[in-house]
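**Student:**
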Amino acid sequence: MTDTAANLTDRAAHLAELAIALRAEQGYNCAQAVACALAPEVGIDADTMYRLSEGFGSGMGGTTETCGAISGAIMVLSQMGSAGTEAPGTTKAATYRLVRELVEGFRKANTSTVCRELKGIGTGQGMLRTCPGCIEDAVVLSCRIIDAAR
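All residue numbers for the sequence shown refer to the working numbering, where the first residue is 37 and numbers rise by one.
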């Protein structure tokens with residue numbers, strides 16, 4: 037393993053542990069845990085990310101739709117990729133590519149990006165991945181994408 041790969045692995049593992057702890061110890065939802073742990077990576081403060089991501093937990097407002105960990109990671113990648121209101125639309129395609137990479141990687145690892153399917157709610161197939169596992173995957177994948185884009 038190269039030094040760069042080792043540093044990524046160490047940093048990603050540390051940030052994943054932080055995100056998991058935020059959920060377990062401070063009551064953050066999955067979206068908040070991922071977004072707040074990764075916020076410094078993209079130059080936004082954790083309080084802003086916490087507020088922006090609050091409604092995305094438990095699969096978007098408790099509806100068990102899109103996994104909150106994925107939603108939080110998408111917010112982070114959007115913050116990194118977007119040019120904002122200074123140049124509307126100019127970075128959308130590139131940001132969408134980053135998001136697709138995240139979603140495809142998450143789906144490859146976990147079969148689904150839907151909260152209820154991941155939790156095994158009403159599927160009759162059991163749980164695919166725990167919330168802490170989804171948080172870990174979203175953080176690690178995001179770190180790889182962020183590093184590759186820099």
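Where a beta carbon is used, it is the ideal one built from N, C-alpha and C, also for glycine.
If you count every other CB in all the chains shown that lies within 10 Å of the CB of Ala119, and 16 or more means buried, which is it?
**Tutor:** As a position in the sequence shown, residue 119 is number 83, starting the count at 1. Ala119 should be labelled exposed.
**Student:** Would you identify the three-state DSSP class for Asp99, choosing helix, strand or coil?
**Tutor:** The count along the sequence shown starts at 1 and reaches residue 99 at position 63. It should be noted that the sequence gives Thr, not Asp, for residue 99. Of the three classes helix, strand and coil, the one that applies to Thr99 here is coil, per DSSP.
**Student:** Can you tell me which residues form a DSSP beta bridge with Val150?
**Tutor:** As a first step, residue 150 is located in the sequence shown; it is residue number 114 there, counting from the start. DSSP output for Val150 lists Thr102 as bridge partner(s).
**Student:** Going by DSSP in three states, Thr84 sits in which element: helix, strand or coil?
**Tutor:** For the purposes of this step, residue 84 is identified with residue 48 of the sequence shown, where counting begins at 1. Here Thr84 sits in helix by DSSP.
**Student:** Look at the alpha carbon of Ala123 and the alpha carbon of Thr131, and state the distance between them as a whole number of angstroms.
**Tutor:** Start at 1 with the first residue of the sequence shown, and residue 123 comes out as number 87. Start at 1 with the first residue of the sequence shown, and residue 131 comes out as number 95. Computed Cα separation, rounded: 13 angstroms.
**Student:** Put Gly156 into one of helix, strand or coil per three-state DSSP.
**Tutor:** As a first step, residue 156 must be located in the sequence shown, where it is residue number 120. Three-state result, Gly156: coil.
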